[in-house]
DNA sequence: TTTACATACATAGTATTCTTATGTATGTAA
DNA sequence: TTACATACATAAGAATACTATGTATGTAAA
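Protein chains in written order, with this note's numbering: chain A, 1110 to 1221; chain B, 1110 to 1221.
And the structure:
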């Protein structure tokens, strides 16, 4: 998933779900580019991590898909299901708690 | 490591190194209790995660050990080596960047 | 007194996650 | 025709943490 960064392990599902909560629908490659641009290239989301994660979220009923052909290339769009919309809220709260606890454990004041 | 919290994966080494940068020396069980108290019980560090991590950090030359018997029980104290002291600085900077990027990706403002 | 819990270490087997490598396929720029 | 970008996917392997188990001592409760 990253440039020598083990830290993101476990955060991928939350990242995907949150991006989809802001964008209605996105396709895989679009997600990789979005993550890259948001982090200014610091986090590179690999296909080997992304696609299995998307399939797993779909299998869990959190995502729904629709396939389109654009410019003669296949695109598989993902969108939050109703369950997915509810789950984003939980995942984001967990992420807040996680960051809070990590900052406590590492003596890091929030950077602002 | 956690109560239904996958997010901490990859952060354990940094947490250990940082605790040892504040405490000169600590033993394993003490570390588990410190983590528990700092996070108010939200993060429970399991032995199956802690001890292999300590052994790995020692093998990497970042930690040095000294064994003592206290109250008829064995204690294996860990302390940062010179390399370890240098590495904490790097790890903490990586953690800051990680938190920064994660907050960007999740639209989380720093909580203060 | 024996059961449970806390202290203190350790490891084997398993599950999960991510990386690396590879594969298919189209389009564009050098 | 080579390289790169777009777009999907999976298999093999590495890394990390969890569960379960084991050893051993001390204390409190039932």
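Even glycine gets a Cβ: it sits at the ideal position worked out from N, Cα and C. Just so we're clear, the structure is a prediction, and the values are computed from it rather than from any experiment.
Whole-number beta carbon distance between residue j and residue i, since they are thought to touch under 8 Å
| i | j | result |
| --- | --- | --- |
| residue 1132 of chain A | residue 1197 of chain A | At roughly 12 Å, the Cβ-Cβ gap does not stay under 8 Å, so residue 1132 of chain A and residue 1197 of chain A are not in contact. |
| residue 1214 of chain A | residue 1148 of chain B | 7 Å |
| residue 1114 of chain B | residue 1115 of chain A | Not really, about 16 Å apart at Cβ, beyond 8 Å. |
| residue 1210 of chain A | residue 1173 of chain B | No, residue 1210 of chain A and residue 1173 of chain B are not in contact; Cβ-Cβ is about 28 Å, not under 8 Å. |
Residue-chain proximity (residue i, chain B), Cβ-Cβ < 8 Å
| i | result |
| --- | --- |
| residue 1118 of chain A | yes |
| residue 1168 of chain A | no |
| residue 1171 of chain A | no |
| residue 1114 of chain A | yes |
| residue 1132 of chain A | no |
| residue 1153 of chain A | no |
| residue 1159 of chain A | no |
| residue 1163 of chain A | no |
Test: residue i CB closer than 8 Å to a CB of chain A
| i | result |
| --- | --- |
| residue 1140 of chain B | no |
| residue 1127 of chain B | yes |
| residue 1213 of chain B | yes |
Collapsed DSSP secondary structure at residue i in the structure displayed
| i | result |
| --- | --- |
| residue 1221 of chain A | Residue placement at residue 1221 of chain A is flagged as unreliable, the pLDDT there being 49, under the threshold of 50; the coordinate-derived value follows with that caveat. Reduced to three states, the DSSP call for residue 1221 of chain A is coil. |
| residue 1169 of chain B | coil |
| residue 1190 of chain B | coil |
| residue 1211 of chain B | helix |
| residue 1151 of chain B | coil |
| residue 1176 of chain A | strand |
| residue 1145 of chain B | helix |
| residue 1118 of chain A | coil |
| residue 1134 of chain A | coil |
Candidates the options: closest to residue i by CA position
| i | options | result |
| --- | --- | --- |
| residue 1168 of chain A | A:1216, A:1122 and A:1145 | A:1122 |
| residue 1155 of chain A | A:1170, A:1166 and A:1139 | A:1139 |
| residue 1195 of chain B | B:1205, B:1207, B:1165 and B:1171 | B:1171 |
| residue 1206 of chain A | B:1203, B:1212 and B:1130 | B:1212 |
| residue 1164 of chain A | A:1179, A:1181, A:1146 and A:1187 | A:1187 |
| residue 1217 of chain A | B:1118, B:1119, B:1124 and B:1141 | B:1124 |
Residues in the segment 1173-1207 of chain A having any Cβ partner in chain B nearer than 8 Å = 1201, 1203, 1204, 1205, 1206 and 1207
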